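A.B. asks: Offset between the sequence shown (1-based) and the numbering used here: plus 233.
No residue lacks a Cβ here, since even glycine has one placed at the ideal position from N, Cα and C.
All of these numbers come straight from a predicted model, not from anything done at the bench.
Mind having a look at this structure? Questions to follow.
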Amino acid sequence: MCSPEEEALRRLEEVFSATLARINSLVLQPLLGTTPEPSDPQIRECLRLVQQLHQSSQRLWEVTEESLHSLRERLGHQDAVGLESLLLLRDADRVLQVHVEYIESYASCVAVQAFPKAAKKRREFWRGQRKALGQLLSGVSSEASVGTALTQALRQPLAHHVQQYVLLLLSLGDSVMEPHPARELVVHAATLFGNLQSFMRQALDQALATQALWHSLSSRLRDVLCTPARRLLQDSQDVAVTVTPLRAERVLLFNDALVLLQGHSVHTFDLKLVWVDPGQDGYTFHLLTPEDKLSFCSKNPRDLMVWQWKVTQAVCQALRGKKDFPVLGAGLEPSEPPACRCVAYTFRAEGRLCQATYEGEWCWGRPHGRGTLRWPDGRNHVGSFCQGLEHGFGIRLVPQASEDKFDCYKCHWREGSMCGYGICEPAAWIWGPREHPAGPTALQVYGPLGEGPAERVWHRGGQRQGPGILLSEDDSLYEGTFTRDLTLVGKGKVTFPNGFTLEGTFGSGAGKGLHTQGVLDTAAFPPDPSSTRKRQLGVGAFPVESRWQGVYGPFRDFVSAGCPGDEQEALLGFHVQNSRELRKSQEYLCCERTQPEACAGRMEDVLDELLLHREPRALRECLGKALSSSLHPLGKLLRMLMLTFQATYAGIGANKHLQTLAQEEVKQHARELWAVYRGLLQVALRRKGQAPEEDEDLEARDLQVHGLMLPLMLPSFYSELFTLYLLLHESEDSLYSQGIANLSLFPDTKLLEFLDVQKHLWPLKDLTLTTNQRLSLVRDKCFLSATECLQKIITTVDPREKLEVLEKTYGEIEATVSRVLGQEYKLPMDDLLPLLIYVVSRARIQHLGAEIHLIRDMMDPIHTGGLYDFLLTALESCYEHIQKEDMRLHRFPGRWDSKELW
């Protein structure tokens, strides 16, 4: 049975729907009018706001009609339709949001007096509408201005409607007993619309206060400060406060900014970049901003408390990006703003950051965490910051003076300066058109940053000049001096890929190109193309043990100090609940700082885990989990090393001449990760009062590094590392691919014959023939199990697992031969090589040369001279023979010479 309150709600919705329709036809449509667009930008802005209000009014009418329909359904079919079907109850939050949008649009119009300004040009029309407007209003004098009448006409019906909502919902709640399934919905709706009344009152009060403020200011200040969405929250003329050091004459707190008026000067501070530091004496508190520290003082502690509370809540509201509901400082959100945020800001004060824009993470008024810094001159820095300075791994782009090109520096930074070793990627090395027809060629330089004799090359504004070595993409090599823009100057020597050398004095003339006076030697003995092609930069010049100390150092220090709690946040960083939002948002992003006690508890858990998993199998699993977690010191270090590795060797950094440096670094990373693990284990033992383990000798350490740590961390670097191997061995792999393509044309028996495999070893029983099929035409059937086994070598990145695949392949070949002979048979070298070449040719593994060399470089030294080494050497011999001309041109080889192969 339906209650009287439901019937009253139906009548209320009918009246309000009709009223909204009349407001639309009598007020909003005439305000928008059909006259030409006004030339005055202020009038155009007012009309835009009225248009926005009109759209909100239309949505409010639509939801009112929807609510009315649900009430009619309920009243007409009360036995079949329950109370909970009413839109006001089942979807109260959506209904509320539509009301909130209307109120905010209305308040924006009030704040800038949009109604009287929009109606100004049709004053006579509105005077004739007084009687019609009066029917919508109550308690408004007939002598009231047109602006007042319009303002009241757009507010009063809604205020009355919401008030009746609350009364009827409260009454309905009293009539619905506790067990009723809809009671909770009724109470929720009554609470929401009760809060809406408070929201509406505050929105209107703020709009009227803001409107009065704009009237009190000069037109110049009004033009600077006035925006439709801005609301005045506090004025120092109402609650006195003094701000130093600026000595502002008037202090204005808006919903988005703090404004200090000082004579003709206006100082504006974005609330998203304001941090409140409470004072200790009750008479002062401080505000931190990116470039200023402001002190708020008052003789009256209560006045100061009002300002501190309102600034704090305004900052919280600005960071959330929406008005507090129902009033400022209310709601479920935290009432204290987060210390860490993600915002963009352009610095104004003179200094190195003048006019630079920083976008990223902040903490207490300083860039802190990940971010991007851009200067007007084109410089760009992406990386980690600490207390306002570049600190940690970063990439710096420096524009060249003459052209739209950038030099790229990838390295570690400490307190705003480059440190340690890094990579420089110059924009281009341009040869003169007469001297070198190849034109522009990309190149790389690798060297120490800000230390030792190369300081002038790297430090102080990124200068790169003086003596050095430049290696171009076509393998031309320059040894000598050059300028910052890579112009060759002074004495030097160029070695071309064909062995020719040009030695003399270099310089640039008035025109384009390279000028030189020297000797061109064309009689030099041509170098080995493979050695020229595979020349490696930096080998020996930059010891692997001294690279990336800026990354390793903080972790070593942290472990050496016993993993103190006060350093954990600085080392492990701030953690964001939603990393996708952190990357995407330009506005409010809260990096929740981990509480110190939570940090300490987490580190205790980490150390306890290490103590519980010291047996080999358990340790492997434990380390795997640690390396995959960004909250674990090992996982954090691995991620930082991944970033440096990707920035150094991916993209333009993928240069074949850096392959040796890269593989050396991966091994060193494994050693450093193992050292951090050992250090954490010793800390864990000390905290439990247990005796520390004895230091490992070099041999024991290498066993663990290659057998345990390297296989676990190698997948994180494999993609970039393998790309370098692909580039370095591209030429041999191309010849190998041609050989494979030609050998694949052979049927099985012809290929076995071509490879001179002894016929009594042919597995002819494996060749299943179909009708009318000749034995000589069957392909890909012999030694099929060995072929399929070898193909699995590309399914893993672990060198040991790749070697295990090779061992199983060897086993499958021997098993097949033993089955053919009917007895166990151990293959001699002369028989193994042709059979292995057959299997390799049928496996058709792409880039086998890159695979072989990576396995050779990264495999555990413990296998040197053993079975794995023997099998890998056999695979290398197969790879080299498939590249030979007789394989690519189908020439029939004689018997295999095992001495040549081994």
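Which class does V213 belong to by DSSP, given the choice of helix, strand or coil?
C.D. replies: Within the shown structure, residues of the chain are numbered from 234 to 1135, placing residue 213 beyond reach of any answer.
A.B. asks: Excluding five sequence neighbours on each side, which residues of the same chain lie with their C-beta closer than 7 Å to the C-beta of V419?
C.D. replies: Once the five neighbours on either side are set aside, the close Cβ partners of V419 are L322, L402, L405, G406 and V409.
A.B. asks: Can you name, in chain order, every residue of its own chain whose Cβ lies under 6 Å from the Cβ of N613, other than the five neighbours on each side?
C.D. replies: Same-chain partners within the cutoff: R607 and L630.
A.B. asks: How would you call P534, buried or exposed, if buried means at least 16 neighbouring beta carbons within 10 angstroms?
C.D. replies: Answer is exposed; the Cβ neighbour count stays below 16.
A.B. asks: Which residues share a DSSP beta bridge with P271?
C.D. replies: Answer is none; P271 lacks a bridge partner.
A.B. asks: What's the gap between the Cα of A924 and the Cα of L918?
C.D. replies: Each residue's Cα considered, the two are about 6 Å apart.
A.B. asks: Using 8 Å as the Cβ pair cut-off and three pairs as the minimum, do the stretch 617-629 and the stretch 595-606 touch?
C.D. replies: Output reads yes: the stretch 595-606 touches the stretch 617-629.
A.B. asks: Assuming D754 and T734 are in contact, meaning their beta carbons sit under 8 Å apart, how far apart are those beta carbons, in whole angstroms?
C.D. replies: About 5 Å separates the two Cβ atoms, so the contact holds.
A.B. asks: Would you mind giving the Cβ-Cβ distance between F1016 and P996, rounded to the nearest angstrom? I have them listed as a contact below 8 Å.
C.D. replies: Going by Cβ atoms, the distance from F1016 to P996 rounds to 7 Å, so yes, they are a contact pair.
A.B. asks: Relative to the C-alpha of L957, which residue among G912, H1086 and A908 is closest?
C.D. replies: Comparing Cα-Cα distances from L957 to each of G912, H1086 and A908, the minimum goes to H1086.
A.B. asks: What is the DSSP secondary structure of L486, counted as helix, strand or coil?
C.D. replies: Three-state result, L486: strand.
A.B. asks: Evaluate the contact criterion for the stretch 287-299 versus the stretch 246-253: three or more CB pairs, one atom per stretch, below 8 Å.
C.D. replies: Output reads yes: the stretch 246-253 touches the stretch 287-299.
A.B. asks: Helix or strand or just coil, what does DSSP make of P609?
C.D. replies: Three-state result, P609: coil.
A.B. asks: Counting along the chain, where does the alpha helix (DSSP H) carrying E1037 start and finish?
C.D. replies: P1032 to L1054 is the extent of the alpha helix (DSSP H) around E1037.
A.B. asks: Given the structure, does R463 come close to the ligand ADP, in the sense that its CB is under 6 Å from one of the ligand's heavy atoms?
C.D. replies: The ligand ADP is absent from the structure shown, which contains no ligands of any kind.
A.B. asks: What is the DSSP secondary structure of E623, reduced to helix, strand or coil?
C.D. replies: In the structure shown, E623 sits in a strand (DSSP, three-state: E or B).
A.B. asks: To the nearest angstrom, how far is it from the Cα of E898 to the Cα of L747?
C.D. replies: So the two alpha carbons sit approximately 36 Å from each other.
A.B. asks: Determine the direct distance from the alpha carbon of L936 to that of E848, and round the result to whole angstroms.
C.D. replies: Whole-angstrom Cα-Cα distance: 15 Å.
A.B. asks: Look at the alpha carbon of E854 and the alpha carbon of Y910, and state the distance between them as a whole number of angstroms.
C.D. replies: Their Cα atoms are separated by approximately 14 Å.
A.B. asks: Does the Cβ of G616 have 16 or more other Cβ atoms within 10 Å, making it buried, or fewer, making it exposed?
C.D. replies: Per the 10 Å Cβ criterion, buried.
A.B. asks: Helix, strand or coil, according to DSSP, for F249 in the structure here?
C.D. replies: DSSP places F249 in helix when its eight states are reduced to three.
A.B. asks: On a CA-only basis, which of F518, S451, L450 and L466 is nearest T477? Give me that one, please.
C.D. replies: When each option's Cα is compared against that of T477, the closest is F518.
A.B. asks: With respect to the alpha helix (DSSP H) encompassing K869, which residues constitute its N-terminal and C-terminal limits?
C.D. replies: That run of the alpha helix (DSSP H) goes P866 to Y882.
A.B. asks: Given that a residue counts as buried once 16 or more other Cβ atoms are within 10 Å of its Cβ, and exposed if not, what is N888?
C.D. replies: Buried.
A.B. asks: Does DSSP classify G1098 as helix, strand or coil?
C.D. replies: Reduced to three states, the DSSP call for G1098 is coil.
A.B. asks: Taking 7 Å as the cut-off, decide whether the C-beta atoms of R1075 and T1028 are in contact.
C.D. replies: Result no, Cβ atoms of R1075 and T1028 do not sit closer than 7 Å.
A.B. asks: Evaluate S793 with the Cβ neighbour count: other Cβ atoms within 10 Å of its Cβ, from every protein chain shown; 16 or more gives buried, anything less gives exposed.
C.D. replies: Under this definition S793 is an exposed residue.
A.B. asks: When the distance is taken between beta carbons, is F432 closer than 7 Å to F249?
C.D. replies: Their beta carbons are not under 7 Å apart, which means F249 does not touch F432 by this criterion.
A.B. asks: Please classify R574: does DSSP put it in a helix, a strand, or coil?
C.D. replies: If DSSP states are grouped into helix, strand and coil, R574 belongs with the strands.
A.B. asks: Determine the direct distance from the alpha carbon of R464 to that of R416, and round the result to whole angstroms.
C.D. replies: Near 38 Å, if we compare the C-alpha coordinates of R464 and R416.
A.B. asks: Take E842 as the anchor and find which of L913, E905 and P776 has the nearest alpha-carbon.
C.D. replies: For E842, the nearest C-alpha among the options comes from L913.
A.B. asks: Could you tell me the distance, in whole angstroms, from the CA atom of G604 to the CA atom of Q467?
C.D. replies: Roughly 33 Å separates the two Cα atoms.
A.B. asks: On the three-state DSSP scale, how would you describe F426?
C.D. replies: Note: F426 maps to helix in three-state DSSP.
A.B. asks: Within 10 angstroms of its Cβ, does A974 collect 16 or more other Cβ (buried), or is it exposed?
C.D. replies: Counting Cβ neighbours within 10 Å, A974 comes out exposed, since fewer than 16 surround it.
A.B. asks: Can you check which of these residues, A481, S449, D510 and L329, is closest to T424 by C-alpha distance?
C.D. replies: Out of A481, S449, D510 and L329, L329 has the C-alpha closest to the C-alpha of T424.
A.B. asks: With burial defined as no fewer than 16 other Cβ atoms inside 10 Å of the residue's Cβ, what is the status of R307: buried or exposed?
C.D. replies: The residue is buried, with at least 16 neighbouring Cβ atoms inside 10 Å.
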